[in-house]
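A quick write-up on the structure given underneath.
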Amino acid sequence: MNITGKTKIFYMIAHPIDHVRSPEVFNPWFQENNVDAVMIPVHYRPDDFAAVWDSLRRTANLGGFMISVPHKELAYDLCDAREETAELVTAVNAVRRDATGRLTGANFDGPGFMAGVMRGDAEVAGKSVLLLGAGGAGASIGFSMARAGARSITIADIDAARASDLAARIAKRFDGVGVRAGGNDPRGFDIVVNATPCGLHPETDPIPVDTTALSPAMIVADIVMKPRVTPLLAAAGAIGCDIRYGGGMLDMQRDLTLDFFSLRE
């Protein structure tokens, strides 16, 4: 990859940053398709994120940026405009910068999850779902699973108020789905989704559910991409569950994000 003064820059912003895969997915695509662009991982701590926002707006050769935890909700608030995918969940994971510095946010977590981790809407329709995590990714996944026709969605989060708020917002939009805030006991669910950061640091992170309560009939999915096999997926796989890896979520988001950045013809 030959980076010059004409190269368009894109950022991948997160805290921590070492787990992100976006540069590994986007940069090979840029090279294979002769697009003069590069994606760079950038580490901003939560207390600094709002302070650097104006510099993102003023970076003239910045085409846009992707955002991971924990910045998605604050980025939503700071954007000048938001697409419907972000309005639903009040969080963004991609921001486009135009020539004037205007910043527009979108959220492709849910669509990417449905296409890259689940096997489309049919696999979710009529099923009961335990969704662990009500942050930006969890919210997007929750709305997408409700749209797909899940029979019920129970949302568990360490912040009970956040889980209740998300449940109320999804239920208001999809009144045919039984949505509620609840605990993290996986018994009786068809699908268990970890949309929390638990697993990024497998040596120290707790597993977000009691794995002895899982059953082989369940689909167990994790949005953590590194490591590929999280402690949750390792335990679920040993039981015989149908496990789904987080990497597929980003792989499917790639094309949606490329279109959002106007990088594909």
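Quick note: the sequence shown uses numbering that gives the first Met the number 0, first residue 0, plus one each step.
Don't be surprised by glycine CBs; every beta carbon is placed ideally from N, CA and C.
Counting the other CB atoms within 10 Å of its CB gives LYS171 a total below 16, which places it among the exposed residues.
Membership of PHE107 in any beta strand (DSSP E) is not indicated, and neither H nor E is assigned to it by DSSP. The beta carbons of TRP28 and ARG253 sit closer together than 8 Å. Using a 10 angstroms sphere on the CB of THR195, the tally of other CB atoms reaches 16 or more, which defines it as buried. The C-alpha of VAL178 lies about 25 Å from the C-alpha of ARG81.
Taking a 10 Å sphere around the C-beta of PRO207, we find 16 or more other C-beta atoms and assign the residue as buried. Under DSSP, VAL41 shares a beta bridge with ILE12.
For ARG253, the three-state secondary structure derived from DSSP is helix. Following the DSSP letters along the chain, one finds ARG172 inside the alpha helix (DSSP H) bounded by residues 159-172.
The three-state secondary structure of MET113, taken from DSSP, is helix. When the Cα atoms are used, ILE238 and PRO215 turn out to be separated by approximately 6 Å. In this structure the region 14-33 does not touch the region 71-89; the number of beta carbon pairs closer than 8 Å is below three. Assignment of GLY246 by DSSP, reduced to helix, strand and coil, places it in the helix class.
Within the model, the alpha-carbon separation for ARG168 versus ILE2 is close to 44 Å.
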